[in-house]
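Participant: Okay, so the sequence shown: first residue is 284 according to this note's numbering, each after it adds one.
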Amino acid sequence: MATKQIGVLVGSLRKESFNRKMAEALTRMQPGSLNLEIVAIGQLPMYNQDLDENPPKEWVEFRERIRGFDGILFVTPEYNRSVPAVLKNAIDVGSRPYGKSVWNGKPAAVMSVSPSALGGFGSNHHLRQSLVFLNMPVMQQPEAYVGGADKIFGERGEISVDKTREFLQGFMKGYASWVERFPEAGTR
Ligand code: FNR
């Protein structure tokens with residue numbers, strides 16, 4: 284089975300971000316059939332349709348990079364019950380020009396991570412709403428609303444809670460199977 288290349292988008296720019304720690308932890312525990320790469324989004328100029336005639340180089344590079352992935356994993360906090368602006372901006376940048384969205388058909392998974400007990404449910408589902416429009420088949424189960432994020436990492440960023448680590452391993456295994464269902468996704 285060929286290794287699938289997965290782009291990981293993290294919805295937080297914070298240095299000590301729990302979501303970034305989670306993305307890094309997932310990168311270390313990835314099943315053999317997946318190679319996870321975190322894609323930077325903080326450098327992308329704010330989307331402005333006027334710029335599409337002569338797009339900033341950061342947009343061009345980002346769009347090209349996303350196009351090459353076999354799937355996309357979103358790991359995001361919840362800001363005011365929704366998706367942080369930096370992640371929504373990256374999604375908007377990748378979705379244009381009209382008809383040339385780089386997201387089209389890429390199998391996705393969504394994980395929300397929050398210190399709160401609700402685990403970012405609101406952002407997780409707002410994000411899913413955009414992914415429906417973008418024609419990204421999103422893994423339905425297992426869902427991943429990771430709460431209590433301030434209590435699950437050890438000093439070196441490792442997942443220190445056994446039950447959480449087992450859940451994450453199951454989530455990644457499920458996503459690896461999901462990605463296999465869309466063999467053409469990296470060539471769009
Ligand atoms: C938050 N936070 C938050 N948490 C939550 O569970 N639901 C929410 O609606 C919000 N809203 C919100 C808005 C803004 C502007 C900030 C800065 C924060 C708290 C948030 O979960 C917490 O700061 C996390 O630590 C953010 O994720 P990272 O940066 O640790 O990955």
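For glycine and all other residues, C-beta sits at the position ideal for the given N, C-alpha and C.
The ligand FNR and Glu361: does any heavy atom of the ligand fall closer than 7 Å to the residue's C-beta?
Facilitator: If you number the sequence shown from 1, residue 361 lands on position 78. Answer for Glu361: yes, Cβ within range of the ligand FNR.
Participant: Which ranges would you report for the beta strand (DSSP E) in the region 408-471 if only whole runs of at least 3 residues count?
Facilitator: If we require 3 residues or more, the beta strand (DSSP E) runs fully inside the region 408-471 come out as 427-429.
Participant: With distances taken Cα to Cα, identify the nearest neighbour of Lys434 among Lys446, Arg350 and Leu317.
Facilitator: Position 151 of the sequence shown holds residue 434. If we check each option's Cα against that of Lys434, Lys446 comes out closest.
Participant: Classify Phe352 as buried or exposed, calling it buried when 16 or more other Cβ atoms lie within 10 Å of its own Cβ.
Facilitator: Taking the sequence shown and counting its residues from 1, one reaches residue 352 at position 69. By the neighbour-count rule (16 or more Cβ atoms within 10 Å), Phe352 is buried.
Participant: Would you kindly work out how many angstroms separate the C-alpha atoms of Val421 and Asn372, rounded to a whole number?
Facilitator: For this step, residue 421 is matched to residue 138 along the sequence shown. For this step, residue 372 is matched to residue 89 along the sequence shown. If you take the alpha carbons of Val421 and Asn372, they lie about 19 Å apart.
Participant: For the ligand FNR, is there a heavy atom less than 7 Å away from the beta-carbon of Pro420?
Facilitator: Residue mapping note: residue 420 aligns to position 137 of the sequence shown, counting from 1. No.
Participant: Which of the three DSSP states, helix, strand or coil, is assigned to Met277?
Facilitator: Within the shown structure, residues of the chain are numbered from 284 to 471, placing residue 277 beyond reach of any answer.
Participant: Quick one: is Gly377 buried, meaning 16 or more other Cβ sit within 10 Å of its Cβ, or exposed?
Facilitator: What you label residue 377 is simply residue 94 of the sequence shown in a count that begins at 1. Under this definition Gly377 is a buried residue.
Participant: Under DSSP, the alpha helix (DSSP H) around Val376 begins and ends at which residues?
Facilitator: In the sequence shown, counting from the first residue as 1, residue 376 sits at position 93. From DSSP, the alpha helix (DSSP H) with Val376 extends over Ala368 to Ser378.
Participant: With a threshold of 7 Å on Cβ separation, who are the neighbours of Gln313 within its own chain once the five nearest residues in sequence on each side are excluded?
Facilitator: Along the sequence shown, one-based indexing puts residue 313 at 30. Within the same chain, Gln313 has close Cβ partners Leu319 and Met455.
Participant: Does the beta-carbon of Phe301, which I'm using as the reference point, lie nearer than 7 Å to any heavy atom of the ligand FNR?
Facilitator: Position 18 of the sequence shown, counting from 1, holds the residue named residue 301. Yes; taking the cut-off as 7 Å, the Cβ of Phe301 has a heavy atom of the ligand FNR nearer than that.
Participant: Answer yes or no: the CB of Leu401 versus the heavy atoms of the ligand FNR, is any distance below 7 Å?
Facilitator: Here residue 401 refers to the residue found at position 118 of the sequence shown. Indeed, a heavy atom of the ligand FNR lies less than 7 Å from the Cβ.
Participant: Just how far apart, CA to CA, sit Ser406 and Val358?
Facilitator: One-based indexing of the sequence shown puts residue 406 at position 123. One-based indexing of the sequence shown puts residue 358 at position 75. Between Ser406 and Val358, the C-alpha separation is close to 10 Å.
Participant: Tell me the rounded alpha-carbon separation between Ser399 and Leu309.
Facilitator: Against the sequence shown, residue 399 aligns to sequence position 116. Against the sequence shown, residue 309 aligns to sequence position 26. Cα to Cα, Ser399 sits roughly 20 Å from Leu309.
Participant: Just to confirm, does Val396 get its C-beta within under 7 Å of one of the non-hydrogen atoms of the ligand FNR?
Facilitator: Translated into the one-based positions of the sequence shown, residue 396 becomes position 113. Because some heavy atom of the ligand FNR lies under 7 Å away, the Cβ of Val396 counts as near it: yes.
Participant: DSSP on Ser406, reduced to helix/strand/coil?
Facilitator: Here the question's residue 406 lines up with position 123 in the sequence shown. Here Ser406 sits in helix by DSSP.
Participant: When DSSP builds the beta bridges, which residues end up paired with Gly388?
Facilitator: Reading the sequence shown from its first residue, position 105 is the one you call residue 388. Paired residues: none, contrary to the question.
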